[in-house]
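Engineer: Pasting in a structure now, in structure tokens, and then I'll have a few things to ask.
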DNA sequence: TGGAATTACTAAACGACGTTCAGTAACTTT
DNA sequence: AAAGTTACTGAACGTCGTTTAGTAATTCCA
């Protein structure tokens, strides 16, 4: 089956080539600056060719979102090896915020972009994101099991802490912090993270 | 000055007519479904006419954002009359979340839309939003002054609580809660709000 | 091996969008 | 009544995602 498998390989390579170009353009100009024609130009094919490998721009969006989810997972990975669940949870949160502030475009793509959310459950990016999320929830559950909190409602605890971290990053990413001088924003984020950690200790 | 003032009045009326149509279309189809041609069609003018009253779509966006900011202020208003600063703060937060969940489009416009954020400080919508925000911060400061918290860092407290509320609403508005069954989401939001209130009591 | 079938690709177009501009008709001024 | 100003529009431009009809190259099968 030489030919068939070579064809398949070439197809995968082409998808990879397209996605790579999309990735580069995205990093340079953000998702708004990413369009089919610019991808085509960069890989020196016609725009119509893109559609032979990706159904539409949404499919490309999902593929790109997978990359973002992988980058996020890799960023959070160091926390996974921390034994103590509370220490792990804190470091997890710190790295989550750190990722969002360092890679606003990727965070945007993952959580802030208005995207075709129908059927996203079937997408790889969702599966990967859910794996990371599950690990987070399990860490909170481990804290509860080890009696780090008085409360035992691990689901609400996990959600509440996530809301804070997500809100913090979102306000940065979408530039809704103009009432604070730019040079104070980073410090404020750090203080707020420290505060929510303190608050969580009293849960 | 009869003619000049009539002209001015007519100009203002026309701006109002355009904005009204934009408002309606926005409520029906969201910001994505709002375009110049649909506004023009609704008010029975040519698309080019719109540009005689609004410089570009961004200016219309700001005008619409002002409406959203006004709606938000009105929604939060009942909290303002509560005497006790802590009670006022809690009700303020509850109404904030309530507004976001009831009017996701408006919340989106205010806090989630990637918009021309340069020079927004000069826009009316920003001024109005800042007034509401200041009232919120002052309420936190009043809590601090009345020793409702051990911490005296009112700026960080205000910011931290805002992060939670904003994160909570944002996850709803941008549909990033698909891992929770739809019927549980409202309950989770309520529980999380109750939890952050409890946590704040220990600050 | 040669003709048929399939594949890989593209030029050109479609329709929707924001926006601009030249031109026209109505109104205002003198 | 002529000149100047204002309000408005049809038609176009350039951008976008996407589709279609066609062409050249490759693969299949007799």
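Residue numbers (the working numbering), protein chains in the order written: chain A, 39 to 241; chain B, 39 to 241. From the three backbone atoms N, C-alpha and C, an ideal C-beta is built for every residue, glycine too.
#1: Could you list the residues in the region 209–236 of chain B with a C-beta less than 7 Å from some C-beta on chain A, going in chain order?
#2: Of the choices B:191, B:57, B:55, B:181, whose alpha-carbon is the least far from that of residue 126 (chain B)?
#3: Going by Cα to Cα distance, which pick from B:185, B:198, B:225 is closest to residue 194 (chain A)?
#4: Does DSSP put residue 68 (chain B) in a helix, in a strand, or in coil?
#5: Against chain B, does residue 63 (chain A) count as a neighbour if the rule is that its beta carbon must be under 8 Å from one of theirs?
#6: In chain B, what lies closer than 8 Å to residue 205 (chain A) by C-beta?
#7: Give a yes or no on whether the minimum CB-CB distance between residue 171 (chain B) and chain A is below 8 Å.
#8: Check each residue of the region 135–164 of chain A: if its Cβ is closer than 9 Å to any Cβ of chain B, include it; give the result in chain order.
#9: When the Cα of residue 215 (chain B) is compared with those of A:215, A:201, A:173, which residue comes out closest?
#10: Report all residues from its chain with a CB closer than 6 Å to the CB of residue 163 (chain B); omit the five preceding and five following residues, and keep chain order.
#11: By Cβ distance, which residues of its chain are closer than 8 Å to residue 56 (chain B), with the 5 residues on each side in sequence left out?
#12: Let's test the definition: count the other Cβ atoms within 10 Å of the Cβ of residue 219 (chain A) and tell me whether it reaches 16, buried, or not, exposed.
#13: Kindly give me the distance between the Cβ atoms of residue 204 (chain A) and residue 230 (chain B), rounded to whole angstroms, as I take these residues to be in contact under 8 Å.
#14: Does the pairing of the region 155–175 of chain B with the region 105–124 of chain B give three or more beta-carbon distances under 8 Å?
#15: Write down every uninterrupted run of the alpha helix (DSSP H) in the region 71–117 of chain B whose length is 4 residues or greater and which is fully enclosed by it, in chain order.
#16: Excluding the 5 residues flanking residue 39 (chain B) on each side, which residues of the same chain have their C-beta closer than 6 Å to its C-beta?
#17: Does the beta carbon of residue 52 (chain B) come closer than 8 Å to any beta carbon on chain A?
Structural biologist: Taking the structure as given:
#1: 209, 212, 213, 214, 216, 217, 226, 229, 230, 233, 234
#2: Selected option, being the one with the closest Cα: B:181.
#3: B:225
#4: coil
#5: Judged by the 8 Å Cβ criterion, residue 63 (chain A) is not in contact with chain B.
#6: 200, 201, 202, 203, 204, 205, 206, 208
#7: Taking CB atoms only, residue 171 (chain B) has a neighbour in chain A less than 8 Å away.
#8: 146, 148, 149, 150, 151, 152, 153, 155, 158, 159, 164
#9: Distance from the Cα of residue 215 (chain B) is smallest, within the candidate group A:215, A:201, A:173, for A:201.
#10: Closer than 6 Å at the Cβ level, and outside the excluded window around residue 163 (chain B), lie 100, 103, 104, 107.
#11: Apart from sequence neighbours up to five positions away, the residues of its chain that approach residue 56 (chain B) with a beta-carbon distance below 8 Å are 77, 81, 88, 91, 92, 98, ordered along the chain.
#12: exposed
#13: Not a contact, Cβ separation roughly 12 Å.
#14: yes
#15: 74–81, 85–91
#16: Caution applies to residue 39 (chain B), whose pLDDT of 47 falls short of 50 and renders its modelled position unreliable; the value that the coordinates give is listed next. There are no such residues.
#17: False, the Cβ-Cβ gap to chain A never drops below 8 Å.
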